[in-house]
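Trainee: Those letters in the sequence shown? Residues 1 to 234, per the UniProt record's numbering, in order. Don't be surprised by glycine CBs; every beta carbon is placed ideally from N, CA and C.
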Amino acid sequence: MLELRHVTVRYGAVRAVQDLSLTVPERSIVSIIGSNGAGKSTTLRAISGLVRPSGGEIWFDGQRIDRLDPKAIVARGIAHVPEGRRVFPDLTVEENLRIGAYLRQDKSAVNRDFEQICGEFPRLAERRRQLARTLSGGEQQMLAIGRAVMSSPRLILMDEPSMGLSPIMVSAMTQVIQRINETGRTVLLVEQNANVALSICDSAVVLERGSVVLTGSGAELRNNEHVRIAYIGV
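#1: Using only the alpha-carbon positions, how far apart do residue 117 and residue 35 sit?
#2: Leaving out the 5 sequence neighbours to the left and right, which residues in its chain are closer than 7 angstroms to residue 235 when beta-carbon positions are compared?
#3: Out of 54, 60, 24, which one is the CA nearest neighbour of residue 10?
#4: Run the CB neighbour count on residue 134, radius 10 Å, all protein chains shown included, and call it buried at 16 or more, exposed below.
#5: Taking the alpha-carbon positions, what's the residue 132 to residue 141 distance?
#6: For the segment 21-36 against the segment 195-210, do three or more pairs of beta-carbon atoms, one drawn from each stretch, fall closer than 8 angstroms, so that the two count as touching?
#7: Would you be able to state if there are at least three C-beta pairs under 8 angstroms between the segment 35-47 and the segment 16-25?
#8: Check residue 163 in the structure and name its three-state DSSP category.
#9: Thinking C-alpha only, which one of 45, 86, 82 is nearest residue 66?
#10: Is residue 177 buried or exposed, if buried means 16 or more other CB atoms sit within 10 Å of its CB?
#11: Residue ranges of each beta strand (DSSP E) run of no fewer than 3 residues wholly in the segment 129-186, ordered along the chain?
#12: Name the one or two DSSP bridge partners that residue 79 has.
#13: How far does the beta strand (DSSP E) with residue 214 in it reach, from first residue to last?
#14: Going by the beta-carbon positions, is the gap between residue 47 and residue 4 smaller than 9 angstroms?
#15: When the Cα atoms are used, what is the spatial distance from residue 114 to residue 150?
Structure (structure tokens):
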């Protein structure tokens, strides 16, 4: 479904991502783990068109997308949930959600998806008239994910969805990601919480200094000594 072929991304003279190749099968959850500065977020930003690779190619559903602008990439079925949530603080919950569907013309389907998200996220339904800035961190993260789902994507890129959340909210977020995947959507998940990322994914890669150093199933990497010591802490 998604394929990165020898992708390199530079910020000036610094190579944030180096010769990265990655395949994300349809309907899977693939996790990218690594320390701060490993190139995880940059990889997602390259896929969604927020940064332009200086080398390599990105293909989605058989078509090359690394020269497209972000709006065109969203239109092809890729949604990006950025690090730090970045909801619109002075808009209501409902307005934030409906902004996610700004490219869609099927208004009846948009309304149906909105009601479905309200059913999936009861807290958002209860707070649909509230301003987004009044929500807790966990509720804002749910709102950011719901907004992405409103674009009706086939692939959702999630950047550190558990960041700053309580253990209870991390568990809830993990269940949300799994349910999204069960609806047929593919998820590419970036997480510093390696234990969470590896517990729910079909496959994973470890990035270090912008390059892939390990690949395998979630179970394989959780049992890898280097991963346990460096990223899980056991």
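Mentor: Looking at the coordinates:
#1: 32 angstroms
#2: No answer is possible for residue 235: it lies beyond the span of the chain, which begins at 1 and ends at 234.
#3: 54
#4: exposed
#5: 10 angstroms
#6: yes
#7: yes
#8: coil
#9: 45
#10: buried
#11: 155-159
#12: 156
#13: 211-216
#14: yes
#15: 7 angstroms
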